[in-house]
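Q: With the numbering used here, letter number 23 in the sequence shown gets 25, and the count goes up by one each step, no holes.
Virtual Cβ for every residue (Gly too), placed ideally from N, Cα, C.
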Amino acid sequence: MPSVTGEWVRGRRIGVDVGSVRVGIAVCDPDGILASPVATLARDQRADDGDPSDMSQIMAYVAEYEAIEIVVGLPINLAGKEGPAAGLIRQYADRLGRMAAPVPVVLTDERMSTAAAARRLSERGVRGRRQRAVVDQVAAVEILQGWLDARRAGPVRG
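Okay, structure coming up:
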């Protein structure tokens, strides 16, 4: 498990970009150097007591990669404030955290991750339907890579 002292602990992390329709998944290497795309899942917004299928699939990836932490992107607007979408993502992360325990779920600023992902894909000539199929994975990579880079740059601050 990650250290409560803020020191880096070796192990894979799963990055999650939660959208209203799809969920992008990424994973990093055990040394936390490079995030890579894994999958795009259909978002299951069931309100009943059953486990949503997208969260169950995330848990399967946590087991497969032996992840020690799940990093979920939190939408913050350009002014640095949380909007209505952030509350929904916090609820999603809380529910995922209950399923994932003892693997911690952490939230990180995902500002502009989807826009950056779409721009990168467009620069590579990936557009339209092909882009929609992978943009969430690439956004998850952006989220996880940004979180990893911030951890390497200095002490953990939440």
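1) Beta strand (DSSP E) containing arginine 24: first to last residue?
2) For the putative contact between glutamate 84 and arginine 14, defined by C-beta atoms under 8 Å, what is the C-beta separation to the nearest angstrom?
3) Based on the DSSP secondary-structure assignment, which residues constitute the bridge partners of alanine 41?
4) Taking 8 Å as the threshold, find out whether the segment 33-41 comes into contact with the segment 84-97 through three or more Cβ pairs.
5) Whole angstroms are fine: how far does the CA of leucine 150 sit from the CA of methionine 61?
6) Compare the beta carbon distance of valine 74 and valine 137 with 8 Å and say whether it is the shorter of the two.
7) On the DSSP letters alone, give me the boundaries of the alpha helix (DSSP H) that isoleucine 60 sits inside.
8) Straight-line CA distance for arginine 154 to glutamate 9?
9) Look at the alpha carbon of valine 29 and the alpha carbon of alanine 81, and state the distance between them as a whole number of angstroms.
10) From valine 143 to alanine 37, what distance separates their C-alpha atoms?
11) My output table needs one value for glycine 13: the three-state DSSP class, helix, strand or coil.
12) Grab me the residues of glutamine 47's own chain with a C-beta within less than 6 Å of its C-beta, minus the 5 sequence neighbours each way, in chain order.
13) With a Cβ-Cβ cutoff of 8 Å, do glycine 26 and glutamine 147 count as a contact?
14) On the three-state DSSP scale, how would you describe valine 105?
15) Please classify glycine 52: is it buried, with 16 or more other beta-carbons within 10 angstroms of its beta-carbon, or exposed?
16) Exposed or buried, which one is isoleucine 35 when buried takes at least 16 other CB atoms within 10 Å?
A: The short version:
1) Here residue 24 refers to the residue found at position 22 of the sequence shown. Its beta strand (DSSP E) spans residues 24-30.
2) Residue numbering aside, residue 84 sits at position 82 when the sequence shown is read from its first letter. Residue numbering aside, residue 14 sits at position 12 when the sequence shown is read from its first letter. So it is not a contact: roughly 28 Å between Cβ atoms.
3) Taking the first residue of the sequence shown as position 1, residue 41 is located at position 39. According to DSSP, which records beta bridges pairwise, alanine 41 is partnered with Ile27.
4) no
5) As a working note, residue 61 is residue 59 in the sequence shown. As a working note, residue 150 is residue 148 in the sequence shown. Near 21 Å, if we compare the C-alpha coordinates of leucine 150 and methionine 61.
6) Position 72 of the sequence shown holds residue 74. Position 135 of the sequence shown holds residue 137. It is not a contact, given that the beta carbons lie outside the stated cut-off.
7) For the purposes of this step, residue 60 is taken as residue 58 along the sequence shown, with counting starting at 1. Where isoleucine 60 is concerned, the enclosing alpha helix (DSSP H) stretches over 55-67.
8) Counting from 1 along the sequence shown, the entry for residue 154 is found at position 152. Counting from 1 along the sequence shown, the entry for residue 9 is found at position 7. Roughly 10 Å between the two C-alpha positions.
9) For the purposes of this step, residue 29 is identified with residue 27 of the sequence shown, where counting begins at 1. For the purposes of this step, residue 81 is identified with residue 79 of the sequence shown, where counting begins at 1. When rounded, the distance between both Cα atoms is 29 Å.
10) For the purposes of this step, residue 143 is taken as residue 141 along the sequence shown, with counting starting at 1. For the purposes of this step, residue 37 is taken as residue 35 along the sequence shown, with counting starting at 1. One C-alpha to the other measures close to 5 Å.
11) In the sequence shown, the residue the question calls residue 13 occupies position 11. Of the three classes helix, strand and coil, the one that applies to glycine 13 here is coil, per DSSP.
12) Within the sequence shown, the letter at position 45 stands for residue 47. Closer than 6 Å at Cβ, skipping near neighbours: no residue.
13) For the purposes of this step, residue 26 is taken as residue 24 along the sequence shown, with counting starting at 1. For the purposes of this step, residue 147 is taken as residue 145 along the sequence shown, with counting starting at 1. Against a cut-off of 8 Å, the Cβ pair of glutamine 147 and glycine 26 comes out as no contact.
14) Locating residue 105 in the sequence shown gives position 103, counting from the first residue. The three-state reading of DSSP puts valine 105 in coil, since its state is none of H, G, I, E or B.
15) Here residue 52 corresponds to residue number 50 of the sequence shown, with the count starting at 1. Exposed is the call here.
16) Counting from 1 along the sequence shown, the entry for residue 35 is found at position 33. Exposed, because fewer than 16 other Cβ atoms sit within 10 Å of the Cβ of isoleucine 35.
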